[in-house]
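Residue numbers (our numbering), protein chains in the order written: chain A, 78 to 310; chain B, 78 to 310. Where a beta carbon is used, it is the ideal one built from N, C-alpha and C, also for glycine.
Number of protein chains: 2
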Amino acid sequence: MGKRNVIGNCKQMKKKAVVLFSGGLDSTTVLYYALSKGYEVHCLIFDYGQKHKKEIKTASKIAKRLNLDYNIIKITIPWCKSSLVDKSVKIPEHKIIKEGYVPTTYVPGRNTIFLSYAVSYAETIKARAIFLGVNAVDFSSYPDCTPSYLNAMDGVLKALKNNIKIIAPIEKMSKNGIIKLGLRLKVPYQYTWSCYNGKKIPCGTCDSCKLRAKGFEEVGIDDPAIAKKSSRK
Amino acid sequence: MGKRNVIGNCKQMKKKAVVLFSGGLDSTTVLYYALSKGYEVHCLIFDYGQKHKKEIKTASKIAKRLNLDYNIIKITIPWCKSSLVDKSVKIPEHKIIKEGYVPTTYVPGRNTIFLSYAVSYAETIKARAIFLGVNAVDFSSYPDCTPSYLNAMDGVLKALKNNIKIIAPIEKMSKNGIIKLGLRLKVPYQYTWSCYNGKKIPCGTCDSCKLRAKGFEEVGIDDPAIAKKSSRK
């Protein structure tokens, strides 16, 4: 567990929140959003057998920089054949959006598993909210990223009577809208990592890279992560 | 992963079900119930850091005897202070039911975590049902054992549009009702294990032992597990 966020005497007055955190563009924006709303943030980072550990390292680094509490949870999903975890399945380089098609990057039940750990954690530390960076615009074909799914999960929390709410602030935003929000919140995008592949620099060809590039292009600025990596070469 | 249940040519015709299985009296009854309804059963056994491994061994043995597919999933809940997993918290020996009191044996979010893995597994193998042995009579003070909780989780499955339903056949049964059902289904109770402690024979003093003993007493028969263990002494 990382260090606790203690700012003077404010700690006891702050509402706690659990943030599902991957160190990517979306969840880092959500993390900064939760902080901007005055929450004492506790990060949950998942090691679910991703092909590379870059995501976990990036997330831990960002949490440490902010002096936030964080837990890394190791999850084993032995039956999972998603291209994100199964080395025999290649990460696709197809067009970003295909109607009604669930890509091989989908990990069955992933968000439900993540949220269930978040519920457990939030109940234990008496948090009032769980923040997550799901997005129904770019990932409309992932069944666990839809507004009706989030409403249903909210129903579970109500049934548990734990007084915790699910907050998905970027749920209905386009990628460039998310980036604009992040820039206002001073998100250090140079430290974030979105690429599904774990090479030294982002591959530029996976869905995640393409979506991110499109977002920065629409905002009209260079991606600070790419600029940073390129300057190191 | 254990062996697959193959009975002649029937395999392809059978609907699949995932059963949350602990090898205890309740979940073993539910397992036999699912089999009696014609499902091809796939067991999910959880190693969530219980103080003893007897539960996991018992569950695996029963699954093997029935030649069923099973997965043991290791779960780490680092913040959990339940007396079932935290060695510094003693398993209580108090009265069975206390109104509105959540006992130290409660593991926050446990059933939600279990069900989320079951959703992932069931989606992957294209199962039509998830069976679990929650009981709202004996465990009314556990917030994740209530009918409204199960309805809410059913809502999540509907939102995921995976055509999977949650079946909790003993949800509203008393312990003696469960035992009577199990005896009709020929559940081998001598192989089941309910005790929260992991000694050679059940402790007889924990909540789980007391509930079980009360159930058999009401049915008017000796607990075959106690008789079996006693004869070994």
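Rounded to whole angstroms, what is the Cα-Cα separation between residue i and residue j?
i, j, result
"residue 101(A)", "residue 252(B)", "49 Å"
"residue 276(B)", "residue 188(A)", "38 Å"
"residue 157(A)", "residue 278(B)", "38 Å"
"residue 199(A)", "residue 148(B)", "28 Å"
"residue 173(B)", "residue 298(B)", "Any reading at residue 173(B) must be qualified, since the residue scores a pLDDT of 47, below 50, and its modelled position is unreliable; the value itself is stated next. Going from the Cα of residue 173(B) to the Cα of residue 298(B) covers about 21 Å."
"residue 271(B)", "residue 214(B)", "17 Å"
"residue 301(A)", "residue 146(A)", "26 Å"
"residue 203(A)", "residue 183(B)", "15 Å"
"residue 219(A)", "residue 238(B)", "11 Å"
"residue 249(B)", "residue 113(B)", "19 Å"
"residue 192(B)", "residue 94(A)", "23 Å"
"residue 235(B)", "residue 303(B)", "42 Å"
"residue 127(A)", "residue 121(A)", "16 Å"
"residue 285(A)", "residue 105(A)", "15 Å"
"residue 140(A)", "residue 111(A)", "13 Å"
"residue 186(B)", "residue 153(B)", "12 Å"
"residue 119(B)", "residue 150(A)", "25 Å"
"residue 244(B)", "residue 142(A)", "46 Å"
"residue 195(B)", "residue 98(B)", "11 Å"
"residue 136(A)", "residue 103(A)", "12 Å"
"residue 294(B)", "residue 92(A)", "49 Å"
"residue 132(A)", "residue 109(B)", "43 Å"
"residue 117(B)", "residue 201(B)", "15 Å"
"residue 155(B)", "residue 190(A)", "16 Å"
"residue 90(B)", "residue 134(A)", "46 Å"
"residue 115(A)", "residue 115(B)", "53 Å"
"residue 197(A)", "residue 282(A)", "36 Å"
Mind checking if residue i is an interface residue toward chain B, Cβ cutoff 8 Å exclusive?
i, result
"residue 95(A)", "no"
"residue 232(A)", "yes"
"residue 219(A)", "no"
"residue 185(A)", "yes"
"residue 303(A)", "no"
"residue 351(A)", "Nothing can be reported for residue 351(A): it is not among the residues displayed for chain A, which extend from 78 to 310."
"residue 225(A)", "yes"
"residue 290(A)", "no"
"residue 257(A)", "no"
"residue 198(A)", "yes"
"residue 151(A)", "yes"
With a cut-off of 8 Å, does the C-beta of residue i fall near any C-beta of chain A?
i, result
"residue 157(B)", "yes"
"residue 92(B)", "no"
"residue 334(B)", "Absent from the structure is residue 334(B), since the part of chain B shown begins at 78 and ends at 310."
"residue 194(B)", "yes"
"residue 236(B)", "yes"
"residue 136(B)", "no"
"residue 106(B)", "no"
"residue 154(B)", "yes"
"residue 99(B)", "no"
"residue 229(B)", "yes"
"residue 190(B)", "yes"
Beta-carbon within less than 7 Å of residue i's beta-carbon, same chain only, minus the 5 sequence neighbours each way: which residues are those?
i, result
"residue 229(B)", "none"
"residue 314(A)", "Nothing about residue 314(A) can be read from this structure; chain A reaches only from 78 to 310."
"residue 107(B)", "96, 208, 209, 210, 246 and 247"
"residue 138(B)", "268"
Starting from the C-beta of residue i, find all residues in its chain whose C-beta is less than 8 Å away, skip the five residues before and the five after it, and write them out in chain order.
i, result
"residue 130(B)", "124 and 275"
"residue 296(B)", "253, 256, 257 and 260"
"residue 242(A)", "205, 206, 207, 231 and 234"
"residue 280(B)", "272, 273, 274 and 286"
"residue 240(A)", "205"
- Query: What alpha helix (DSSP H) runs, 4 residues minimum, are completely inside the segment 256-296 of chain B?
  - Reply: 284-296
- Can at least three beta-carbon pairs, one atom from the segment 257-265 of chain A and one from the segment 218-234 of chain A, be found at a separation below 8 Å? no
- Just list the beta strand (DSSP E) runs in the segment 85-118 of chain A, keeping only unbroken ones of 3 residues or longer that don't cross its boundaries, in chain order. 93-97
- Within the segment 213-256 of chain A, ranges of the beta strand (DSSP E) (whole runs, at least 3 residues): 242-244
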